[in-house]
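The structure appears right after this line, and notes come after that.
Residue numbers (the working numbering): 8 to 457.
Below, the structure is given as structure tokens:
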């Protein structure tokens, strides 16, 4: 047997696990289906722009392993705190349902209503049942407020949009506890030189084999065997880090089938519909002192929030999201048609000041065969325990890792990194400091590296 452990997937979870295992002297091979590293961390540099099409932010640098790794790898960062999908974390240009700019006082009253509802939601979510959706709990919380129908509707749509932007899911499909992790600790930062420098640095010194599509993983008391078009590879253990969408697909077979609690957890998690739309303009038409533009009312059903990314590379840029139903409906649209739809709403607010964009980029994670969505969310009937249950070691030889397997902050790169750390420790049966993933040469302690 040439390998101690096979790692399936060269995203941050897989590379973290592989790097830690190699640092402990294991013979590790990483099999990656794509022709590049990073998984859902990918940076596009077309036209001289640096655009992170997958993960973009560290959502809170306090105690973040990704922040520590980025610093160790010399990755420049730029503070760009958005505070999750909040009503007032940074200056926001709000527009009312008629398309008029709201006064500061009106925006303040609206934000106060959101905060009031969020405080009510804490108790309502805590008392919710296993089959309650996020729509169910928000409606119960709204019913407890002494508000008129208009005021209630504005808050209702904000909560719907928050569900879509945070998890790319329709509010009735997300579990009541689906936003329990919606917190940010510390400043948020982006990477002006690209997030993809992280997986590139983690991969240094590792045996990573690109364009190795894994179709089958067989596990048993004697170890594991992984099938690819390049042949079968055997090892004592395997760490599988493919996204939930791939795990649930017919193209990725695990034999014997996953047992409970892993199988049950997997059945209750699913991939979302969430795409980024980048619009770069010849000149700024929005105010200098706002980081986001938001519109209320039915016109904002799809396109309701735009975020100013001009500070990243100096080019006037707005980022918006096709999320949930909007992402599903526009899945087969061309980039031009999607941009035209979003621009129509911007022109409703700003008129002829909105020029034609000089560049448009739209992600396509829903149709990516190696992702099948952007990240996983908790469907109705799921519990927060499903994330950790998905990582339960199977037969002592099969270990699942990735953002969906980490309870505290799923759908993030830190979750992926921490899950890779956990998987490595489970394989080893002993602790290993996570900091070793960004300290020194990954192969320095391999027997064949002496």
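For every residue, glycine included, the Cβ atom is placed at its ideal position computed from N, Cα and C.
* What is the rounded straight-line gap between the Cα of residue 97 and the Cα of residue 30? -> If you number the chain shown from 1, residue 97 lands on position 90. If you number the chain shown from 1, residue 30 lands on position 23. Between the alpha carbons of residue 97 and residue 30 lies a gap of roughly 42 Å.
Taking the alpha-carbon positions, what's the residue 154 to residue 134 distance?
Taking the chain shown and counting its residues from 1, the one referred to as residue 154 is at position 147. Taking the chain shown and counting its residues from 1, the one referred to as residue 134 is at position 127. Each residue's Cα considered, the two are about 23 Å apart.
What's the call for residue 308, buried or exposed, on a 16-neighbour Cβ count within 10 Å? The residue given as residue 308 occupies position 301 in the chain shown. By the 10 Å Cβ count, residue 308 comes out exposed.
- Contacting residues, own chain, Cβ-Cβ under 6 Å from residue 178 (five flanking each side not counted): Position 171 of the chain shown holds residue 178. These residues qualify, in order along the chain: 141, 142, 167 and 170.
In whole angstroms, what separates the C-alpha of residue 334 from that of residue 280? Along the chain shown, one-based indexing puts residue 334 at 327. Along the chain shown, one-based indexing puts residue 280 at 273. C-alpha separation (whole angstroms): 6 Å.
* To do: Sort 402, 58, 322 and 161 by Cα distance to residue 458 and report the nearest one.
  => Coverage of the chain is limited to positions 8 through 457, which leaves residue 458 absent and any answer about it impossible.
What are the complete alpha helix (DSSP H) segments, minimum 4 residues, inside the stretch 152-228? Listed in chain order, they are 156-174 and 204-209.
(Q) Quick check on the burial criterion: 16 or more other C-beta atoms within 10 angstroms. Buried or exposed for residue 122? (A) Numbered from 1 along the chain shown, position 115 holds the residue referred to as residue 122. Burial is judged here by how many other beta carbons sit within 10 angstroms of a residue's own beta carbon; residue 122 has fewer than 16 and is exposed.
Next item on the list: Quick one: grab the DSSP three-state call for residue 443.
Entry: Position 436 of the chain shown, counting from 1, holds the residue named residue 443. Here residue 443 sits in helix by DSSP.
Self-check item: Short Cβ contact (8 Å threshold) for residue 394 with residue 421
Solution: Translated into the one-based positions of the chain shown, residue 394 becomes position 387. Translated into the one-based positions of the chain shown, residue 421 becomes position 414. No, the pair does not count as a contact, with Cβ atoms beyond the cut-off.
Beta strand (DSSP E) segment containing residue 312, residue limits:
As a first step, residue 312 is located in the chain shown; it is residue number 305 there, counting from the start. In the DSSP annotation of this structure, the continuous segment of the beta strand (DSSP E) that includes residue 312 starts and ends at 312-315.
Note to self: For the beta strand (DSSP E) containing residue 120, name the first residue and the last one.
What the structure shows: Translated into the one-based positions of the chain shown, residue 120 becomes position 113. For residue 120, no beta strand (DSSP E) run applies; the uninterrupted alpha helix (DSSP H) run containing it begins and ends at 111-133, by DSSP.
Can you give me the C-alpha to C-alpha distance between residue 428 and residue 354, rounded to a whole angstrom?
Walking along the chain shown from the start, residue 428 turns up at place 421. Walking along the chain shown from the start, residue 354 turns up at place 347. Distance between the alpha carbons of residue 428 and residue 354 is about 47 Å.
Exposed or buried, which one is residue 12 when buried takes at least 16 other CB atoms within 10 Å? Taking the first residue of the chain shown as position 1, residue 12 is located at position 5. Within 10 angstroms of the beta-carbon of residue 12 lie 16 or more other beta-carbons, which makes it buried.
| message | Tell me the rounded alpha-carbon separation between residue 247 and residue 120. | response | Start at 1 with the first residue of the chain shown, and residue 247 comes out as number 240. Start at 1 with the first residue of the chain shown, and residue 120 comes out as number 113. Approximately 44 Å, taken between the alpha carbons.
Relative to the alpha-carbon of residue 290, which residue among 381, 46 and 317 has its alpha-carbon at the smallest distance?
Taking the first residue of the chain shown as 1, we reach residue 290 at position 283. Minimum Cα distance to residue 290 is reached at 317.
Q) Where do the ends of the alpha helix (DSSP H) carrying residue 30 lie? A) Indexing the chain shown from 1 puts residue 30 at position 23. Per DSSP, residue 30 belongs to the alpha helix (DSSP H) from 19-30.
With a Cβ-Cβ cutoff of 8 Å, do residue 49 and residue 38 count as a contact?
Taking the chain shown and counting its residues from 1, the one referred to as residue 49 is at position 42. Taking the chain shown and counting its residues from 1, the one referred to as residue 38 is at position 31. Between residue 49 and residue 38, the C-beta gap is not smaller than 8 Å, which leaves the two residues out of contact.
**Prompt:** So what's residue 372 in DSSP terms, helix, strand or just coil?
**Reply:** Locating residue 372 in the chain shown gives position 365, where the first residue counts as 1. Here DSSP, grouped into helix, strand and coil, assigns residue 372 to helix.
Between residue 6 and residue 359, is the Cβ-Cβ spacing less than 8 Å? Residue coverage of the chain in this structure runs from 8 to 457, which leaves residue 6 outside it and unanswerable.
Neighbourhood of residue 423 by C-beta distance below 7 Å, restricted to the same chain and skipping five residues each side:
To locate residue 423, count along the chain shown from 1; it is residue 416. Here the set comprises 18, 19, 20, 409 and 410.
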